[in-house]
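Read the structure below first, then the notes.
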Amino acid sequence: MNAPLKDLPAANPEEFRKVVESRRSIRRFTNTAIPHDILDDCLDLAMLAPNSSNLQPWEFFVVTTPALRQKLARACLNQNAARTAPALIAIVVRTDTWAEHSRLAIQQWPEESLPGIVRTYYQRFAPLQYALGPLGLFGLAKKGIGLVAGLARPVPRGPYSASEMKIWATKSTALAAENLMLALRAHGYDSCPMEGFDECRVRKLLKLPRKGLVTMILAAGKRAENGVYHQQYRFERERFVHYL
Ligand SMILES: Cc1cc2nc3c(=O)[nH]c(=O)nc-3n(C[C@H](O)[C@H](O)[C@H](O)COP(=O)(O)O)c2cc1C
């Protein structure tokens with residue numbers, strides 16, 4: 003939505019607070035299925051998450067069929083959330099789609115004329131930023147250049163390696179995961195993000211792309227009466243919030 007200022011919806015922190023505060027990690031679900039159109043809407047909202055260079059380095063593998071779900075639940079170490087959820091969503095990070103998505107960003111630019119700076123960004127700067135080259139050598143060269151140039155002025159400090167690319171893609175994908183959990187809650191459904199799973203088995207079961215990395219598996223459905231295990235708590239804010 004590209005709304006002029008006057009068309010922005012009125013801010014409604016109370017509705018937002020309801021969604022955020024009522025989201026909990028749910029460990030037991032009822033067997034009520036999530037309607038397909040609601041799942042679709044939640045996934046669309048997930049993909050509106052902010053993401054690095056708008057390169058959208060994520061994928062979502064939705065499993066609702068009982069046979070595959072059961073196998074996937076086993077790969078999630080038979081956690082209650084995985085065993086009882088009517089939908090399991092593997093949220094996958096892609097470190098290898100940035101080049102194709104750079105092309106798409108140019109092709110699918112939403113306005114009539116593509117600004118030159120946008121074309122230059124995706125054609126010239128994105129490859130400089132994200133390519134690592136054979137054996138990661140281009141990444142290493144970038145790191146060396148960055149170290150020297152960085153003595154005199156601010157420079158980007160990566161991603162310079164395959165593991166830094168995983169962090170790069172995971173940041174954006176985790177934001178999409180949070181959007182997805184909040185969207186489910188806004189629709190009256192619940193979720194539990196899980197990193198307790200056997201990644202090798204999950205990759206095989208879902209036939210994931212070679213360079214796909216499973217960041218989380220989201221159990222989703224309607225919370226059962228005994229779905230919340232304990233009261234929500236966080237440590238004191240002074241530990242985390244620093245006004246400078
Ligand atoms: C990356 C990540 C991985 C998690 N993995 C699991 C998991 O494998 N199993 C589980 O029951 N909960 C898992 N959780 C849920 C956390 O335990 C939960 O978010 C935390 O205890 C706070 O509770 P709340 O979500 O109800 O506020 C995970 C959460 C995140 C963000």
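Residue numbers (the working numbering): 3 to 246.
Just so it is clear, CB atoms sit at the ideal spot from N, CA and C, and this is done for glycine as well.
Keep in mind the model is a prediction, meaning the values are calculated, not measured.
Are Ala-83 and Thr-66 touching if we call contact CB-CB under 8 Å?
no
>> Is it buried or exposed, Cys-252, if we count other Cβ atoms within 10 angstroms and call 16 or more buried?
In response: Only positions 3 to 246 of the chain appear in this structure, which leaves residue 252 out of reach.
Margin query: For a test of the three-state rule: what should DSSP assign to Cys-78, helix, strand or coil?
Written below: coil
Original post:
Thinking C-beta only, is Leu-47 closer than 8 Å to Val-64?
Top reply: no
| task | Could you work out which residue in Glu-227, His-189 and Arg-105 is closest to Ile-36 when comparing CA atoms only? | result | His-189
- Query: With Ser-193 and Ala-226 assumed to form a contact (beta carbons below 8 Å), what rounded beta-carbon distance in angstroms separates them?
  - Reply: Contact flag wrong, Cβ pair sits at about 13 Å.
query: For the alpha helix (DSSP H) that contains Ser-165, what are its first and last residues?
result: 164 to 188
Open item on the list: Beta-carbon within less than 8 Å of Ala-77's beta-carbon, same chain only, minus the 5 sequence neighbours each way: which residues are those?
Closed with: Phe-199, Asp-200, Arg-203, Val-204 and Leu-207
Checklist line | Straight-line Cα distance separating Glu-16 from Arg-236 | finding: 20 Å
Item to complete: In the DSSP assignment, find the beta strand (DSSP E) that holds Arg-96 and state where it starts and stops.
Response: 89 to 96
Beta-carbon separation (whole angstroms), Leu-177 vs Leu-220, contact threshold 8 Å: The pair is not a contact, with the Cβ atoms about 14 Å apart (cut-off 8 Å).
ask   = Pro-136 by DSSP, collapsed to three states: which one?
value = helix
Assuming Met-218 contacts Glu-197 under a Cβ cut-off of 8 Å, what Cβ separation, rounded to an integer in Å, is found between them? 6 Å
* To do: Pull up the DSSP beta-bridge partners for Cys-194, would you.
  => Ala-221
Are the CB atoms of Thr-97 and Ala-179 nearer to each other than 8 Å? no
query = Helix or strand or just coil, what does DSSP make of Val-157?
reply = coil
inquiry  = So, at 6 Å on beta carbons, what are the nonlocal neighbours of Ala-92 in its own chain, with the 5 sequence-adjacent residues on each side left out?
reply    = Phe-63, Leu-208, Val-216 and Ile-219
Worksheet item: Going straight from the alpha carbon of Lys-213 to that of Val-95, what length do you get?
Response: 8 Å
inquiry  = Quick check on the burial criterion: 16 or more other C-beta atoms within 10 angstroms. Buried or exposed for Gly-118?
reply    = exposed
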